[in-house]
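Colleague:
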Amino acid sequence: MACMTSRHRALLALAVAADFPSLRALALASGVDRHTISLVVRGLRPARADTITRLAAALGVEPAIVQRALDAGGAL
1005 MACMTSRHRA LLALAVAADF PSLRALALAS GVDRHTISLV VRGLRPARAD
1055 TITRLAAALG VEPAIVQRAL DAGGAL
């Protein structure tokens, strides 16, 4: 089973709050490839501004909220 990072937990919490049951569902709604989301939440790739904007739009939050979820290990 994959280890869930604090970034993953933080972004998943945002997704669940916006009625997305998983990051896969968020990927479909945002148009961001789920592999890209996986790399970002594992800290293997920095999130580009357009990725953060697309995720935020799908979640119905400001991009700064998504950025905050990804910064500092996902601390919101």
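So the mapping is simple: our numbering equals the position in the sequence shown, first residue as 1, plus 1004.
Built from N, CA and C at the ideal position, the CB exists for glycine as well.
Everything numeric in this text was worked out from a predicted model, so none of it was measured.
Would you identify the three-state DSSP class for Pro-1050, choosing helix, strand or coil?
Modeller: Translated into the one-based positions of the sequence shown, residue 1050 becomes position 46. Pro-1050 falls in the coil class under three-state DSSP.
Colleague: Between the beta-carbon of Arg-1072 and the beta-carbon of Val-1045, is there less than 8 angstroms?
Modeller: Stepping through the sequence shown from its first residue, residue 1072 is reached at position 68. Stepping through the sequence shown from its first residue, residue 1045 is reached at position 41. No.
Colleague: Helix, strand or coil for Thr-1040, going by three-state DSSP, please let me know.
Modeller: Position 36 of the sequence shown, counted from the first residue, corresponds to residue 1040. Residue state, collapsed to three classes: helix.
Colleague: Put Ser-1026 into one of helix, strand or coil per three-state DSSP.
Modeller: Translated into the one-based positions of the sequence shown, residue 1026 becomes position 22. Ser-1026: coil per DSSP, three-state reduction.
Colleague: My understanding is that Ala-1033 touches Ala-1062, with C-beta atoms under 8 angstroms, so please give their C-beta distance in whole angstroms.
Modeller: Indexing the sequence shown from 1 puts residue 1033 at position 29. Indexing the sequence shown from 1 puts residue 1062 at position 58. With 8 angstroms as the limit, Ala-1033 and Ala-1062 qualify as a contact, their Cβ atoms being about 4 angstroms apart.
Colleague: Measure the CB-CB distance between Leu-1018 and Val-1065 and report whether it falls below 8 angstroms.
Modeller: Within the sequence shown, the letter at position 14 stands for residue 1018. Within the sequence shown, the letter at position 61 stands for residue 1065. Yes.
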